[in-house]
Amino acid sequence: MAVGWCTAGFAALVWLVEVIAPGTLFLVHADHSLAPAVWWPPTAPLAAYAVTAFPREGGRPAWVRCLPVVALLVPIGLTDDVLPDSAMRHFVSAETDSVDAMVFRSFAVVIGAALLGMYVAARRRVVQALTERAERAERERHLLAEQARTEERTRLAAEMHDVVAHRVTLMVLQAGALRVRAPDEPTRAAAEELRGTGCQALDELRDVIGLLRRDPEAAPAAASEPLPDLSVLVAESAAVGVPVELAEHGDPPSASPAVGRTAYRVVQEALTNARKHAPGAAVRVEVRYGADGVAVTVRNAAPSGEPDAELAASGSGMGLEGLRERVELISGTFTAGPDGDGFRVEASLPAYVPVARPVP
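Right, dumping it as structure tokens:
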């Protein structure tokens, strides 16, 4: 708008000066040559384009933005008041040309630039509206998918609580009764081991149900227990002939139970895969503890022999994918893939996660 009004004001000023004092700015020589040759400024079409092509968001209406263009056309239309035909014919080197023809061309250039600007502005508005509509549809689709995911998680949590947790609780109670009634010590020991395993399964099941029912926007649950001791897993692997090195950095923080159990499962699954698919390979377990979480990295070198086909084919083949889902369920990150000649599993877990305690 500033450039448009300055351009129109300059043209009007030139016209006014020539009307009041002819020959001040436009000098017609004896040979009918004209100096200077330019009547309206060369910025006129650019200014007309700019004021219509770049409207300010929520700014002036279209008719207000077109006022500088109209003001610019007025002195152009009055060109014959200050420029003689003889000088213009000499300037264009055509005897049949006239000041009126130059005025018409000037009108066409300025109005054409303004119309082009209007088209560009209208097209930009249409593209912006289509972009906003696509973004809104994408957001709505994401919200609908998130809502469906939340409803499915709630349904699964209810099914697990009502069916699985109930059955496991019965198994624990029956194992406890068997421990009391068993006539011999081996049976009592087996029953106690079964009861302990069932209690551990119930704790993990409650964590999973709480994660499924949690509100992502809720505040993280307070830390309730320290992270598990991974040296037990390392010792178990070393006992079956897998050379494992454990490197821990930092002090283990207290964390949500689900975080500790997930870190334990990541190391357990990675060591199991190394034992099955990379026999004889050295394994390094690196754990970095921080105030806001824990990072676990398990690397194994190249195997020293061929894996046992029967052992490698055992299992469901969904171990790593299950770990990924379990880690992402508590808002962590998980990566697994080749690392040189070996394999690497990495998981980054937060210290606290929002968990809704299931209804008893």
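Okay, so the sequence shown: first residue is 1 according to full-length UniProt numbering, each after it adds one. Cβ coordinates follow ideal geometry from the N, Cα and C atoms, glycine included. All values reported here derive from a predicted model rather than from experimental measurement.
Burial state of residue i (16 or more Cβ within 10 Å)
i, result
"Thr7", "buried"
"Thr335", "exposed"
"Tyr352", "buried"
"Thr52", "buried"
"Ser304", "exposed"
"Leu323", "buried"
"Arg133", "exposed"
"Glu159", "exposed"
"Val283", "buried"
"Val14", "buried"
"Pro55", "buried"
"Ala37", "Note that Ala37 scores 44 on pLDDT, short of 50, meaning its location in the model is unreliable; the coordinates nonetheless yield the value given after this. Exposed: under 16 other Cβ atoms inside 10 Å."
"Glu18", "buried"
"Ala122", "exposed"
"Ala129", "exposed"
"residue 369", "The shown model of the chain, from 1 to 360, leaves out residue 369, and the question about it has no answer."
"Val267", "buried"
"Ile20", "exposed"
"Val103", "buried"
"Leu144", "exposed"
"Leu72", "buried"
"Ala222", "Any reading at Ala222 needs caution, since the residue's pLDDT is 49, under 50, leaving its predicted position unreliable; the model's value is listed next. Exposed, by the Cβ-count rule."
"Val359", "Summary for Val359: the model assigns pLDDT 44, below 50, so the residue's position carries little reliability, and this model does not support an answer."
Cβ separation of residue i and residue j, assumed to be a contact under 8 Å, to the nearest whole Å
i, j, result
"Thr297", "Arg344", "7 Å"
"Ala295", "Ser348", "5 Å"
"Val240", "Arg195", "Rounded, the Cβ-Cβ distance is 27 Å, inconsistent with contact."
"Ile330", "Val259", "6 Å"
"Ala50", "Val110", "At roughly 12 Å, the Cβ-Cβ gap does not stay under 8 Å, so Ala50 and Val110 are not in contact."
"Glu248", "Val287", "5 Å"
"Ala175", "Ala157", "With 8 Å as the limit, Ala175 and Ala157 do not qualify as a contact, their Cβ atoms being about 25 Å apart."
"Arg105", "Met1", "Contact doesn't hold; Cβ gap of about 25 Å is too wide."
"Ala114", "Val74", "About 14 Å separates the two Cβ atoms, so there is no contact after all."
"Asp207", "Pro257", "6 Å"
"Ala302", "Asp341", "4 Å"
"Leu205", "Val163", "Contact flag wrong, Cβ pair sits at about 11 Å."
C-beta neighbour in chain D for residue i, strict 7 Å
i, result
"Glu146", "No chain D appears in the structure shown, which is made up of a single protein chain."
Of the listed residues the options, nearest to residue i (C-alpha basis)
i, options, result
"Asp292", "Gly250, Ala282, Ala270", "Gly250"
"Leu67", "Glu193, Gln128, Val3", "Val3"
"Gly337", "Arg299, Pro61, Val327", "Arg299"
"Ser237", "His161, Met160, Tyr49, Pro279", "Pro279"
"Leu46", "Arg324, Trp5, Ala145, Glu248", "Trp5"
"Glu193", "Asp207, Leu205, Arg206, Leu173", "Leu173"
"Leu116", "Glu146, Val244, Ala48, Arg188", "Ala48"
"Gly332", "Glu346, Asp339, Asp341", "Glu346"
"Arg213", "Arg153, Pro252, Ala148, Thr187", "Arg153"
"Glu321", "Glu269, Asp339, Asp341", "Glu269"
"Pro350", "Arg326, Arg124, Leu72", "Arg326"
"Val285", "Ala137, Gly342, Val17, Val234", "Val234"
"Tyr289", "Ala12, Ala301, Pro252, Arg155", "Pro252"
"Gly319", "Asp339, His277, Leu73, Val69", "His277"
"Pro42", "Ala137, Phe10, Ala301", "Phe10"
"Ala108", "Ile76, Arg188, Thr131, Arg139", "Ile76"
Please go through the segment 101 to 138 and give each complete alpha helix (DSSP H) segment of 4 or more residues, from N-terminal end onward. none
What are the start and end residues of each continuous beta strand (DSSP E) run of 3 or more residues lying completely inside the UniProt domain "Histidine kinase/HSP90-like ATPase" (262 to 351), in chain order? 283 to 290, 293 to 300, 333 to 339, 342 to 350
Answer yes if the segment 178 to 197 comes into contact with the segment 223 to 238, meaning at least three C-beta pairs across the two stretches below 8 Å, and no otherwise. no
Any chance you could list the alpha helix (DSSP H) runs of at least 4 consecutive residues sitting entirely within the segment 172 to 206, in chain order? none
Taking three-plus beta-carbon pairs below 8 Å as touching, is the segment 262 to 270 in contact with the segment 228 to 242? yes
Three Cβ pairs or more, each shorter than 8 Å: is that satisfied between the segment 196 to 203 and the segment 162 to 173? yes
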